[in-house]
Amino acid sequence: LEEYQQALELNPDLAPVPLMMGLTYRAMEDTDSALAQFDHALELDPSQVNVYLQMGRTQIGADHLDEARDTLEKALSVNPDSISARLMSVELLTRNNEFDKAIEQLEKMACECPKLMIVHKTLGMLYARADKTEKATDCFETVVKLEPNQALDYIILGNLYFKLKDFSSAEK
15 LEEYQQALEL
25 NPDLAPVPLM
35 MGLTYRAMED
45 TDSALAQFDH
55 ALELDPSQVN
65 VYLQMGRTQI
75 GADHLDEARD
85 TLEKALSVNP
95 DSISARLMSV
105 ELLTRNNEFD
115 KAIEQLEKMA
125 CECPKLMIVH
135 KTLGMLYARA
145 DKTEKATDCF
155 ETVVKLEPNQ
165 ALDYIILGNL
175 YFKLKDFSSA
185 EK
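Here the sequence shown is numbered in our numbering, starting from 15 and rising by one per residue.
So, in structure tokens, the structure goes:
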């Protein structure tokens, strides 16, 4: 932390330094200091989506969901196509029990980014939670095609097949 502070004193207009200080404070569980550093980084360069995302992640971790939503809106105003910001939006929706809206956003993302495994996996988990087992199964079939080396995904897929009473597929 001292090294970052020295770097900031030498280069007060260097936005990555307060970002790194913010991440360090967050790791130390000093939310207020982390948020102050992220604010400072954004004062230096308000176009940095990553800083908004780190600030939003910190706010979510501190259960400041309204503030996180505002921060996320700023991130999306800078880059409306940011996958990370859109996934954070889904996280906020699920934390607010707005599962239908989260599913709607993920369905759109799955069409736009068909090879992005995390979208299909998250969507599959939300479908499973909503007892939409067939749709969840379709998502996890995509997940294991995209990333075939994840044993847990095969276990989840097998459980979904079992729930559908597709025992031959569950055995595989």
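All C-beta atoms in this analysis are idealised placements derived from N, C-alpha and C, irrespective of residue type, glycine included.
Values in this document were obtained by computation on a predicted structure and should not be read as measured data.
Here the alpha carbon of lysine 88 sits roughly 23 Å from the alpha carbon of phenylalanine 113.
When the Cα atoms are used, leucine 37 and serine 61 turn out to be separated by approximately 18 Å. Listed in chain order, the alpha helix (DSSP H) runs fully inside the region 39 to 105 are 45 to 58, 63 to 75 and 79 to 92, counting runs of at least 4 residues.
Boundaries cannot be given for lysine 186, as no alpha helix (DSSP H) includes it and DSSP labels it neither H nor E. Beyond the five residues adjoining it in sequence on each side, phenylalanine 154 comes within less than 8 Å, by CB distance, of His134, Lys135, Gly138, Asp167, Ile170, Leu171 and Leu174 in the same chain, given in chain order. Going by C-alpha positions, methionine 131 is about 34 Å away from glutamate 57.
If the five residues before and after aspartate 95 are omitted, its C-beta is found closer than 7 Å to no C-beta atom of its own chain.
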